[in-house]
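Here's the structure, in structure tokens; my notes come after.
Residue numbers (the working numbering), protein chains in the order written: chain R, 27 to 120; chain X, 768 to 1301.
Structure, rendered in structure tokens:
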């Protein structure tokens, strides 16, 4: 798929299911990140924690929808709402 | 056996009171005066002879009267004709048939001679015979069984309870016979065997016992379950005894209800030594006044002084490759010095150990509802009253000491020890990893099913061994209060069930960290997916 080609976004689950038939998933090479050590100085810890959260979010995303998640029709269906979903559930993960 | 027994007081008594009386009735009904004499003779005979006499009498009655009469005519005055007719009748009929030879005189026209006439009995006679047979059938049954309703149907009247009364009578007879048999076997078999083979026990009161009454097992189990739900500690041994099963050995493959922990099954406490008689003994070398958590290794086995399934402190063999919940307790400072004998300790884990305890609905809701609306919207928002109702029906709620993390377990009907997991939450102020610790602890306690909103939560639970069994589309009528469609749209709803074969927290944790349950691929679980479509 060329970068300039516009990706078609499914409008509902049925469409996503149909589109998923031609989707070829690439498994993520990421591994689940580890939380930062708690004995870091406060400033460093805060920074490391934010970094950990971002890494976890990315790992989480790729493990559900694949490394090529931007081509996964199910992700495309949920993409506009994904950040909010992550915010809602991240406390159970982190 | 009972019928052949001699000197059995029950039989003697029943013969005196019932059989003679019944024969008296028979005599009156048939109008036979000689039966009174017969019964006096019968009292000295065995019951089998009595029954056979009744049957032979009935058969004779049927043969003589129930099949009619035959009249054979012959010319009067002719000896030759009479002899020929007698021979013919004798050849024609069977024994006991009623035959009458009648000489025939010539009439006014000079006719008269050989003829044959059959007089059929009336149906009233046959009916009388049937009634008599039925009557005796009941007499015989009552004589042997004491009643009739355990072997045949009869009108008893709605709610008369007569069937149960008959059954009780029958059971009394069974018990009576069993007691007599117990006495006989105890006296004539057990005691001689004991005296000849185990003379040292000859003075002991061994008895042969026939179990004639079963405890109402299901009723007792129901009571035990109620008591268990009320928080009473119940001996596993007593439950095993009640249902008639033995405890599993250390090598046995076991089927175990989820949520019951692994301790009780592995609590084969110690190997016992046979010293004076049979007794259980602890190995030598254990401290006399141990503190909770103390561990000692003796001859390659590690013993820990930890609570048993009933919460009572006792020495238990610890399998270091496994770890039950009570083994997760931190040992006291004084016992730490002995840990060097106890083998490797738990591996370091990125998932923290967070302790949960029972809580109140009010406190649970207070913290759960402190979550921002967007986060709370992903939880079933039960009210305190709803939670209280669920608790009355067996639900449990747990929370960390600081209240920031919690979960609820709702019992699954007809699946004791299994729960539906709901309301798992951690506030942003809660311990890191507290949410996952809650899931692990819930699984340990029997969490077996759950439902959740969206791919992200399904992915979390998948990591711990919950497998998607059904995916349904969002339905607005079930939308949580405060659901923001602009921000969240309509994600799918996942129904999941726990497929892991362990309830051991360390093992659950290890599996989650190692990706034991594989990758959660969203495309494998589209809306409409069902594990076993029916």
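Where a beta carbon is used, it is the ideal one built from N, C-alpha and C, also for glycine.
Give a yes or no on whether the minimum CB-CB distance between residue i and chain R is below 8 Å.
i                      : result
residue 1190 (chain X) : no
residue 1145 (chain X) : yes
residue 1207 (chain X) : no
residue 1068 (chain X) : no
residue 1141 (chain X) : yes
residue 1231 (chain X) : no
residue 1224 (chain X) : yes
residue 1198 (chain X) : no
residue 1170 (chain X) : no
residue 1276 (chain X) : no
residue 1221 (chain X) : yes
residue 1294 (chain X) : yes
residue 998 (chain X)  : no
Excluding the five sequence neighbours on either side, which residues of its own chain have a C-beta within less than 7 Å of the C-beta of residue i, listed in chain order?
i                      : result
residue 1269 (chain X) : 1275
residue 49 (chain R)   : 97, 98 and 99
residue 847 (chain X)  : none
residue 945 (chain X)  : 977 and 979
residue 1266 (chain X) : 1232 and 1234
Within the same chain, show all residues whose beta-carbon is closer than 6 Å to that of residue i, passing over the 5 residues directly before and after it, in chain order.
i                      : result
residue 1272 (chain X) : 1207 and 1211
residue 886 (chain X)  : 835 and 836
residue 1050 (chain X) : 1065
residue 1297 (chain X) : 1237
residue 1172 (chain X) : 1193, 1197, 1201 and 1205
residue 952 (chain X)  : 975
residue 1163 (chain X) : 1176
Residue i by DSSP, collapsed to three states: which one?
i                      : result
residue 1243 (chain X) : helix
residue 871 (chain X)  : strand
residue 779 (chain X)  : With a pLDDT of 43 at residue 779 (chain X), under the threshold of 50, the modelled position of that residue is not reliable, and no figure is offered here.
residue 1282 (chain X) : coil
residue 939 (chain X)  : helix
residue 30 (chain R)   : In this prediction, residue 30 (chain R) has a pLDDT of 47, which is less than 50 and means its spatial position is unreliable; nothing more can be read from the coordinates.
residue 820 (chain X)  : helix
residue 1176 (chain X) : strand
residue 1297 (chain X) : strand
I'd like the list of long-range same chain contacts for residue i, defined as Cβ closer than 8 Å, with 5 residues on each side in sequence excluded.
i                      : result
residue 1001 (chain X) : 991, 994, 995 and 1077
residue 120 (chain R)  : 61, 78, 79 and 82
residue 1250 (chain X) : 1144
Mind checking if residue i is an interface residue toward chain X, Cβ cutoff 8 Å exclusive?
i                     : result
residue 77 (chain R)  : no
residue 105 (chain R) : no
residue 33 (chain R)  : no
residue 85 (chain R)  : no
residue 81 (chain R)  : no
residue 117 (chain R) : yes
residue 61 (chain R)  : yes
residue 71 (chain R)  : no
residue 89 (chain R)  : yes
With a Cβ-Cβ cutoff of 8 Å, do residue i and residue j count as a contact?
i                      : j                      : result
residue 1052 (chain X) : residue 1073 (chain X) : no
residue 55 (chain R)   : residue 93 (chain R)   : yes
residue 840 (chain X)  : residue 882 (chain X)  : yes
residue 1009 (chain X) : residue 977 (chain X)  : no
residue 1131 (chain X) : residue 1167 (chain X) : no
residue 1068 (chain X) : residue 107 (chain R)  : no
residue 86 (chain R)   : residue 1226 (chain X) : yes
residue 940 (chain X)  : residue 916 (chain X)  : no
residue 1141 (chain X) : residue 110 (chain R)  : yes
- Okay, do the stretch 1239 to 1250 of chain X and the stretch 1275 to 1282 of chain X touch, 3+ Cβ pairs below 8 Å being the bar? no
- Message: Does the structure place the stretch 1127 to 1147 of chain X close enough to the stretch 1179 to 1197 of chain X that three or more beta carbon pairs sit under 8 Å?
- Response: yes
- Message: Pairs of beta-carbons, one from the stretch 1250 to 1261 of chain X and one from the stretch 1223 to 1242 of chain X, closer than 8 Å: are there three or more?
- Response: yes
- the stretch 1179 to 1189 of chain X in contact with the stretch 66 to 76 of chain R per 3-pair CB rule at 8 Å: no
- Message: Check whether the stretch 1169 to 1182 of chain X and the stretch 1221 to 1231 of chain X touch, using three or more Cβ-Cβ pairs below 8 Å as the test.
- Response: no
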